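Residue numbers (this note's numbering), protein chains in the order written: chain A, 11 to 489; chain B, 193 to 467; chain C, 14 to 327. Each residue gets a CB set at the ideal place from its N, CA and C atoms; glycine is no exception. In this text the structure is predicted, and so the values were computed from the model without any measurement. Notes for the one structure printed next.
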Amino acid sequence: MVNWKYSESIESSEIVNIKKKYQNYIGGKFVDPSSKKYLNTVSPSTEEILSKIPLSNQKDIDSAVKAAKTGFEKWSSITPQERSQYLFKIARLIQERSREFAVLESIDGGKPIKESRDFDLPQVAANFFYFAGWADKLDISWSAKELKPYGVVGQIIPWNFPLLMLAWKIAPALATGNTVVLKPAETTSLTALHFAELCHDAGLPAGVVNIVSGDGSTGANIVNHKDINKIAFTGSTHVGKLIQKSLAGRDVGLTLELGGKAANIVYEDAAIDQAVEGVVNGIFFNQGHVCCAGSRLLLQESIHDQFIKKLEKRMQTLRVGNPLDKNTDIGAINSKEQLDKITSLVNEGVSDGGDLFQIECELPGNGFWFRPSLFTNVQPSYSIAREEIFGPVLTTLTFRTPEEAIEIANNTEYGLSAGVWTEKGSKILWTADRLEAGVVWANTFNKFDPSSPFGGYKESGFGREGGRHGLLSYLKASL
Amino acid sequence: MIEIKKTYKNYVDGKYVRSESGKTYSVKLGNEHFELPLTSRKDIRDAVVSSKSGFKKWNSTSPYTRTQILYRLSEMLEGNRKSYLSILQNSSFTKKYAEKDFENSIQKIIWFAGLADKWEQLVGNLNPVSGEYFNISHQNPIGVVFSLNKNTISLSQLILSILPPLTVGCSVISLSNDSGLLALKFAEDINNSDLPPGVLNILSGDFTKLIDDVSKHVEISLVSIHDNLSQEAIKKIEVNASESVKRVKINPSTEGISSILPYLETKTVWHPKGT
Amino acid sequence: MSKTALKANNSKLEWVDVIEHVYESRIDAVGLNERVASLATRSIKKESKLEALNMIVSMCDLTTLEGEDTKGKISQMSAKAVKPDPGDKSIPSVAAVCVYPSLVSIAKEKVKNSNVKVAAVSSYFPSGQVPMDSKILDTKFAIEEGADEIDIVINRKAFLEGDYRKVYDEIVELKEVCKDVHLKTILEVGDLRTYENIRKASLISLAAGSDFIKTSTGKLTVGSSRQACYVMAKAVLDYELWTGVQAGIKVAGGIRDAKDAIRYLVLINEEMGDNWLTPDLFRFGASSLLDDVLKQIRKLKTGAYQASYYFPRG
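Right under this line is the structure:
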């Protein structure tokens, strides 16, 4: 017997050039914020200050919206074929600069290079490719008479998949003929600001894509701007509700992609080893910073002990550490604030009476880290079973019958995603029909594709992103 | 000739009921006044309870059966053509207008009846995802829909504010004010149409007094407004709605496929393909 | 030099117990393929690579199973098994040499002063399409000739006809012949095709008393695969759960380079744990793999890519 340790295998960061200070991208120009204020952006894996990004104010948003209005005229005056070609061009440029973006994403956001390289960036390119082809086929996309873009779309995106969420927003918005003002999350703005350069290189007409960084106040300025025609937001349910409230009484379109607390139901007749993998992938992918994470494991009582044993063993093989190490499975928690939130919810789970299992591993000295965690012996009333933790923390509940599984699964205000594991086909369909969730993964989890619509039921938001259905989020209902 | 003056009641859970408040309001039809129930907060609550169970039943009814039940509704209306025409004509419409409105209503019901077993084919599709996966987007009805009828007396308008959500499997709470009498008359035909109790609840009253009760009720999934409300009222509805991410549709389309889209949730299901 | 005895699987499961598990063999192929593919993205460099390469050498069953095998060929191979790289004394001996029964005594003689074991394929390898009496005779002969380990094939005819009981009974009988001689049972995954079949055959073989389960004979175009190895690994772990016995896995057939072999090690390491990273529980059946591994070791030590003629023929 040996104790075989993998040596470090670090992806070189030489490929990416992080500037000392960034500018907004407005009307085809890189401009300093009129606020003259900046935010530090920090690497969550080292706590090192990487750069400064503009803290944009009302004036900056004014000029961005104005630029987008002008951009809309230009964008509307060219042919659908031309719009399509611009998007294809962007898709290609992303593929060409993919490694650079992947490394930057891992440095700035803390996610493992394995994921930014093999998941985020390929999906970013795929989204632009997919929607590029829709731009000149809107007339045959839905059996409807008239499809019209909204005009200027304000887009506010989260920090968990910074560039991918940008792609989910910008690609369909542009394909449907809108122009955008996009605000990346304040902790993860760098890839969006580099993407601005890419738009510039692609020769995209001025004002079609405007990228402004900032904090919550910047986002509020976008939402409250009088010339915004539509808001697309991905983030917490709390903020989503505030946005919906802010837009009340105004003729502004809105799509919301909010939180989740997905049930991942494992029946006793599942392919257990694949279910264990699916459960691990469901909650530990991207440090659990995933709105559709399978954060509630629903186990049939008859397999509980066996399953938990296998799950704990599998969890122990997860490698936590430097996001740029190619062998890292779990990177850094995105921010101190998020780490504190996770820690406090986990502490509450323990004091409520849940049994906590955490893997044994060394954590780096600097940066924000959290050990992959599993709660068993949890009652449905505990906060860890109800609130979105948005971290590498899985909560286990048990059920006896399929009916009971459905009741527990739907006993939440959220309805974004769900998982079901059984080798019995009819039980999959029966279960999928009854789950109140926008995405149901059967015998798999956390799968994404540009052609596959994504979005929630209930308080997980409304509207869909991706696929043919995703087009409707950016076309006025005057169909 | 109009039938003998009678007491109109709300139609909730398959039964004709007075408002629990005991309050009524008066509408004029021809030379006569009728008292209609003034729906209260508690009536809304009862209607939602009924609609929730109605939704379960209706959603598990086969599309083919839904088509037949909706078609039967048109037959019931046809059998009562005279009463509808007299209500419309007594509401100071010409005979020609009344006939046209009635004819239109029958046509619309039949159109939606025939859509009940087809719409999923028009709005859902397979998605060509990469990898060894079967991936399909299909639709579920959103749940309990509250629909505010337009405040003009028109049978076809009433039908169009109800049928789109009903067709896709939602249960509907319909509230009418000035057009309340026509709506409650319509309720009588529903009872003979085999529509399960709770699927369609029909109420009369003053929406402006019920805004909070409706738009704050978490178990109403969607509020659709077919009337012209003040900006202030709309804002109030939408502010309330934001507390539970409730969907609000202001004057949604009642034509074609776009008429049903607001009442649908897209559900995408993935499954691996392997041996 | 005395040879350390390998752990034996002495906790045979009765047929009634095993059949229940066999029929509960549920595997999702797509999920399994994805997991195996994701394990292949591990980046094994520097010291961890050298360590892996040395492990691979020590886990090799250096094999020749040809009609043209002669005394000379077996002698050459056995010498190489003991000292794989005469130029580098730090490199361990391989685990075993694997030959036909009639050549066991020659191999035995050549490895006698080392820890290298001699394995013989029997039970009418590779097809096994003979009466049971013949399989028993074949196996007895190999043991009498001095084999430390016996590699048998399962009855695929019976398996594919659905006669799982026959497959089980035959292995039980051969195990009785083998007694303490290490029994490795070849599933021939290329004939079984589906992952469920591989799992079923694994469980049957383990329950019948096999000390090792082995992927392939190396005689089919479809040899070992990491996917098949994964299925077998999970079956071995479940068997451990039920009986407490840790059985071994041998992968053979088509593993030609160090890179591929390292991926197998990663799979075993992460799915089973480093308990299994020992020649007692994990083996590579190989002929050409060893040379590539030796080349890679020298490349790591010298920084230069190597030519075949630096290494002796096996």
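> To which residues of the same chain is residue 410 (chain A) closer than 8 Å at the C-beta, ignoring the five residues directly before and after it?
Replying inline: 310, 311
> Among A:369, A:175, A:442, A:187, which residue has its Cα nearest to the Cα of residue 299 (chain A)?
Replying inline: A:175
>> Using a Cβ-Cβ cutoff of less than 8 Å, which residues in the same chain neighbour residue 240 (chain C) once the five nearest sequence positions on both sides are dropped?
In response: 45, 46, 49, 208
> I think residue 189 (chain A) touches residue 218 (chain A), with their Cβ atoms under 8 Å apart; what is that distance to the nearest whole Å?
Replying inline: 5 Å
>> At 4 residues or longer, what runs of the alpha helix (DSSP H) sit wholly inside the region 397–434 of chain A?
In response: 412–420
>> With H, G and I counted as helix, E and B as strand and the rest as coil, what does DSSP make of residue 55 (chain C)?
In response: coil
>> What residue range does the beta strand (DSSP E) around residue 263 (chain C) cover?
In response: 261–265
> At a Cβ threshold of 8 Å, is residue 62 (chain A) touching chain C?
Replying inline: no
> Measuring CA to CA, which of A:270, A:452, A:97 is closest to residue 277 (chain A)?
Replying inline: A:452
> Which chain B residues sit within Cβ distance under 7 Å of residue 44 (chain C)?
Replying inline: 464
>> Beta carbons nearer than 9 Å to chain A: which residues of the region 48–75 of chain C have them?
In response: 48, 51, 54, 55, 56, 57, 58, 59, 60, 61, 62, 64, 65, 68
> In chain A, which residues lie less than 8 Å from residue 40 (chain C) when you measure between Cβ atoms?
Replying inline: 281, 283, 284
>> I'd like to know whether the C-beta atoms of residue 459 (chain A) and residue 319 (chain B) end up nearer to each other than 8 Å.
In response: yes
> If you measure beta-carbon to beta-carbon, which residues of the region 231–248 of chain C are closer than 8 Å to chain A?
Replying inline: 247
> By the 10 Å Cβ neighbour count, where 16 or more other Cβ atoms means buried, how is residue 446 (chain A) classified, buried or exposed?
Replying inline: buried
>> So for residue 303 (chain B), helix, strand or coil by DSSP?
In response: helix
>> Going by C-alpha to C-alpha distance, which of B:322, B:371, B:437, B:334 sits closest to residue 247 (chain B)?
In response: B:334
>> I need the straight-line Cα distance from residue 350 (chain B) to residue 412 (chain B), nearest angstrom please.
In response: 20 Å
>> Assess contact between the region 278–298 of chain A and the region 423–434 of chain A, defined as three or more Cβ pairs (one per stretch) separated by less than 8 Å. Is contact present?
In response: yes
>> Quick check on the DSSP output: the alpha helix (DSSP H) that includes residue 296 (chain C) runs from which residue to which?
In response: Careful: residue 296 (chain C) lies outside any alpha helix (DSSP H), inside the beta strand (DSSP E) at 295–299.
> Near residue 151 (chain C), what residues of its chain come up, given a Cβ to Cβ distance below 7 Å and the 5 sequence neighbours on each side ignored?
Replying inline: 114, 135, 136, 137
> Where residue 203 (chain A) and residue 423 (chain A) are concerned, what is the direct C-alpha to C-alpha distance, given to the nearest angstrom?
Replying inline: 35 Å
> What residues from chain C crowd round residue 231 (chain A), counting only those whose CB sits closer than 9 Å?
Replying inline: Result: empty, since nearest Cβ-Cβ is about 42 Å, beyond 9 Å.
>> Our contact map puts residue 380 (chain A) next to residue 364 (chain A) with C-beta atoms below 8 Å; I'd like the distance itself, whole angstroms only.
In response: Their Cβ separation, rounded to whole angstroms, is 16 Å, which puts residue 380 (chain A) and residue 364 (chain A) out of contact at 8 Å.
> Candidates B:379, B:429, B:398: which alpha carbon is nearest residue 207 (chain B)'s?
Replying inline: B:379
>> My assumption, with CB atoms under 8 Å, is that residue 258 (chain A) sits in contact with residue 40 (chain C). Please give the rounded CB distance.
In response: Not a contact, Cβ separation roughly 52 Å.
> When Cβ atoms are compared, which residues of the region 181–211 of chain C fall closer than 7 Å to chain D?
Replying inline: Annotation note: the requested chain D is absent from the structure, which comprises protein chains A, B and C.
> If you draw a straight line from the alpha carbon of residue 39 (chain A) to that of residue 24 (chain A), how long is it in whole angstroms?
Replying inline: 27 Å
> Should the region 307–326 of chain C be called in touch with the region 224–244 of chain C, which here means at least 3 C-beta pairs below 8 Å?
Replying inline: no
>> Helix, strand or coil for residue 489 (chain A)? Go by DSSP, reduced to three states.
In response: Because residue 489 (chain A) sits at a pLDDT of 40, beneath the cut-off of 50, its placement in the model cannot be relied upon, and the following sentence gives the value as read from the coordinates. Residue 489 (chain A) falls in the coil class under three-state DSSP.
> Touch check for the region 383–396 of chain B and the region 233–243 of chain B: three-plus C-beta pairs under 8 Å?
Replying inline: yes
> Would you call the CB atoms of residue 157 (chain A) and residue 485 (chain A) closer than 8 Å?
Replying inline: yes
> Where residue 201 (chain B) and residue 371 (chain B) are concerned, what is the direct C-alpha to C-alpha distance, given to the nearest angstrom?
Replying inline: 14 Å
> Hey, how far is the Cα of residue 16 (chain C) from the Cα of residue 294 (chain C)?
Replying inline: Unreliable placement is indicated for residue 16 (chain C), whose pLDDT of 49 sits below 50; the coordinate value is still reported in the next sentence. Each residue's alpha carbon lies about 16 Å from the other.
> Going by the beta-carbon positions, is the gap between residue 118 (chain A) and residue 56 (chain A) smaller than 8 Å?
Replying inline: no
> Could you give the distance in angstroms between the alpha-carbon of residue 8 (chain A) and the alpha-carbon of residue 464 (chain B)?
Replying inline: Lying before the first or after the last residue shown, residue 8 (chain A) is absent from chain A, which here runs from 11 to 489.
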